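These protein sequence lines are chains A and B, in that order. For our numbering, count along the first sequence from 1 and bump the result up by 164. For our numbering, count along the second sequence from 1 and bump the result up by 677. Here a beta-carbon is modelled for each residue, glycine too, at the ideal position from N, C-alpha and C. This structure is a prediction, so every number in the text was calculated from the model and none was measured.
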Amino acid sequence: MGFSARLVASAFQATLPVILGYFPLGFAFGLLFVEHVGLPWGYATAMSLIVFAGASQFLAVGLLAAGTGVFEIAVATFILNARHAFFGLSVLERWRGAGVKKFFLIYWLTDETYALMTSLKAPPESKEADFHVLISGINYSAWCIGSTAGALAGEASSFDTTGMDFALTALFAVLLVEQMRQVREAFPFVLAFLAGIATIVVFGGANMLLISISLSLALLIANGARRGWA
Amino acid sequence: MNGYIWAVIFAMAAATFVSRVAPFVFLGRFAESPAIRFLGRGTPPVILTLLVIYCLKDVAITMAPYGMPEGIALAVTIGLHALFRNALLSIGVGTGTYMAIVQTGILVG
């Protein structure tokens, strides 16, 4: 592939805010992983390297600790990441013909990387796909190095992580606020809120995620079809 | 445990990759369809709302401390995010607030 040093430097500069976010969040994931799952640090690193999906990995810590089934974890991961599919739709055209780089652009696609790619312009005289693959790769590295450092720190010290799992709640709350800024329509939020509460009341908390998401999406689709997808 | 963790890692990797590659493989020709656009707009709010509720589902609001640690930490997170729009700051300070409350036990009477 061969990237010029100048392009690497400008990609690094562009994604510095994301690096500063991914490293500590990865660190928190690694720390929680060794503490709650009780496996050596290498597994936290392996999960970050192979899966590379922040929110799902945080969610998986709790599910692994509870001994949740493989299929259930896979379904939860898929649902949580389904939003990536809609990111991909808007970059389809721009990545046409990127060749082998396209594989990495897809593999490394995250909320933050997507936000950078859609809001920043590649430096002149460079290929957009090169700039994008560099940003994606740097972010991927920051996450993997951060989780490894956190897992090692968790093994080396007896840091009290009680309450640290609130990071997942806070992460979702922040993403929710961002959605509220973008989607200026109360309906999907209110629908999901009511469906979520109703599911907990009727079915309890254990299988809440799958039931309430299916219910809400069915109602969302029914309403969309009725309104002609407007 | 060993087989279980590897099965989970690879199942999660497959599920994540499928969600990322889906539009390139299946949805390409439907990208402009109104139904897909509608779902693209409506799905993230639904899922994120439910994830926040999911994270808070085990909070006992009828017993002391009546969900106050979660409520305070959530207000800090959202308030900071509304003000500065810096995700790391909001998540870091919000989580730190929660850890401080539960570790010191100041709200457990």
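Please classify residue i as buried or exposed, where buried requires at least 16 neighbouring CB atoms within 10 angstroms.
i                : result
Leu760 (chain B) : exposed
Glu709 (chain B) : exposed
Ser168 (chain A) : exposed
Ala692 (chain B) : buried
Ser322 (chain A) : exposed
Leu180 (chain A) : exposed
Ser378 (chain A) : exposed
Gln221 (chain A) : buried
Asn430 (chain A) : It is not possible to answer for residue 430 (chain A), since the shown part of chain A is limited to 165 through 394.
Lys291 (chain A) : exposed
Ile375 (chain A) : buried
Phe707 (chain B) : exposed
Phe694 (chain B) : buried
Thr621 (chain B) : Residue coverage of chain B in this structure runs from 678 to 786, which leaves residue 621 (chain B) outside it and unanswerable.
Glu747 (chain B) : buried
Arg170 (chain A) : exposed
Glu199 (chain A) : buried
Pro288 (chain A) : exposed
Ala279 (chain A) : exposed
Lys265 (chain A) : buried
Ala178 (chain A) : buried
Ala386 (chain A) : exposed
Ala246 (chain A) : buried
How long is the line joining the alpha carbons of residue i and residue j, rounded to whole angstroms?
i                : j                : result
Asn763 (chain B) : Val770 (chain B) : 11 Å
Ile713 (chain B) : Ala777 (chain B) : 44 Å
Gly166 (chain A) : Leu273 (chain A) : 21 Å
Phe715 (chain B) : Glu349 (chain A) : 12 Å
Leu335 (chain A) : Ser767 (chain B) : 9 Å
Gly317 (chain A) : Val201 (chain A) : Here residue 317 (chain A) turns out to be Ala, not Gly, going by the sequence shown. Spanning the two alpha carbons is a distance of roughly 15 Å.
Ala306 (chain A) : Arg390 (chain A) : 45 Å
His248 (chain A) : Gly327 (chain A) : 29 Å
Ala750 (chain B) : Leu269 (chain A) : 35 Å
Ser300 (chain A) : Gly190 (chain A) : 15 Å
Phe295 (chain A) : Cys308 (chain A) : 20 Å
Gly261 (chain A) : Ala293 (chain A) : 9 Å
Ser380 (chain A) : Phe353 (chain A) : 10 Å
Arg345 (chain A) : Gly717 (chain B) : 15 Å
Ala197 (chain A) : Gly231 (chain A) : Per the sequence shown, the amino acid found at residue 197 (chain A) is Phe instead of Ala. Going by the C-alpha atoms only, they are around 14 Å apart.
Val255 (chain A) : Phe703 (chain B) : 14 Å
Phe235 (chain A) : Leu384 (chain A) : 26 Å
Val729 (chain B) : Ala741 (chain B) : 21 Å
Ser212 (chain A) : Phe267 (chain A) : 17 Å
Ile361 (chain A) : Asp735 (chain B) : 12 Å
Gly782 (chain B) : Thr774 (chain B) : 12 Å
Val365 (chain A) : Ser174 (chain A) : 52 Å
Met689 (chain B) : Ala238 (chain A) : 5 Å
Gly233 (chain A) : Asn679 (chain B) : 14 Å
Val341 (chain A) : Val779 (chain B) : 25 Å
Ala208 (chain A) : Asn371 (chain A) : 26 Å
Arg697 (chain B) : Tyr271 (chain A) : 7 Å
Glu319 (chain A) : Gly310 (chain A) : 14 Å
Phe367 (chain A) : Leu358 (chain A) : 14 Å
Ala240 (chain A) : Gly263 (chain A) : 31 Å
Phe351 (chain A) : Phe176 (chain A) : 39 Å
So residue i and residue j are supposed to be a Cβ contact under 8 Å. How far apart are they, rounded?
i                : j                : result
Thr312 (chain A) : Trp205 (chain A) : 7 Å
Gly388 (chain A) : Gly744 (chain B) : About 34 Å; that fails the 8 Å criterion.
Leu203 (chain A) : Ile724 (chain B) : At roughly 28 Å, the Cβ-Cβ gap does not stay under 8 Å, so Leu203 (chain A) and Ile724 (chain B) are not in contact.
Leu244 (chain A) : Leu228 (chain A) : No, Leu244 (chain A) and Leu228 (chain A) are not in contact; Cβ-Cβ is about 15 Å, not under 8 Å.
Ile807 (chain B) : Ala337 (chain A) : Since the first residue shown for chain B is 678 and the last is 786, residue 807 (chain B) is missing from the structure and cannot be characterised.
Gly185 (chain A) : Leu765 (chain B) : 4 Å
Ala356 (chain A) : Thr726 (chain B) : 4 Å
Thr325 (chain A) : Leu733 (chain B) : Thr325 (chain A) to Leu733 (chain B), Cβ: 19 Å. No contact.
Val225 (chain A) : Ile686 (chain B) : About 13 Å; that fails the 8 Å criterion.
Val182 (chain A) : Leu298 (chain A) : Contact doesn't hold; Cβ gap of about 12 Å is too wide.
Gly314 (chain A) : Ala192 (chain A) : 6 Å
Ala699 (chain B) : Gly252 (chain A) : 7 Å
Val399 (chain A) : Pro722 (chain B) : No answer is possible for residue 399 (chain A): the residues shown for chain A start at 165 and end at 394.
Leu373 (chain A) : Tyr731 (chain B) : 5 Å
Could one say the Cβ of residue i lies closer than 8 Å to chain E's Cβ atoms, at least one of them?
i                : result
Tyr775 (chain B) : Checking the listed chains, one finds no chain E in this structure; the protein chains it contains are A and B.
Say yes only if the C-beta of residue i is nearer than 7 Å to one or more non-hydrogen atoms of the ligand HEM, and no if none qualify.
i                : result
Ala175 (chain A) : No copy of the ligand HEM occurs in the structure displayed, which carries no ligand at all.
Q. Going along the chain, which unbroken runs of the alpha helix (DSSP H) with 4 or more residues stay wholly within the stretch 238–325 of chain A?
A. 264–271, 275–283 and 292–320
Q: Write down every uninterrupted run of the alpha helix (DSSP H) in the stretch 184–225 of chain A whose length is 4 residues or greater and which is fully enclosed by it, in chain order.
A: 205–214
**Q.** Minimum length 4: unbroken alpha helix (DSSP H) runs contained in the stretch 329–353 of chain A
**A.** Those alpha helix (DSSP H) runs which fall completely within the stretch 329–353 of chain A and span 4+ residues are 330–346.
Q. At what residue ranges does the stretch 703–756 of chain B contain a whole run of the alpha helix (DSSP H), taking only runs of 4 or more?
A. 711–733
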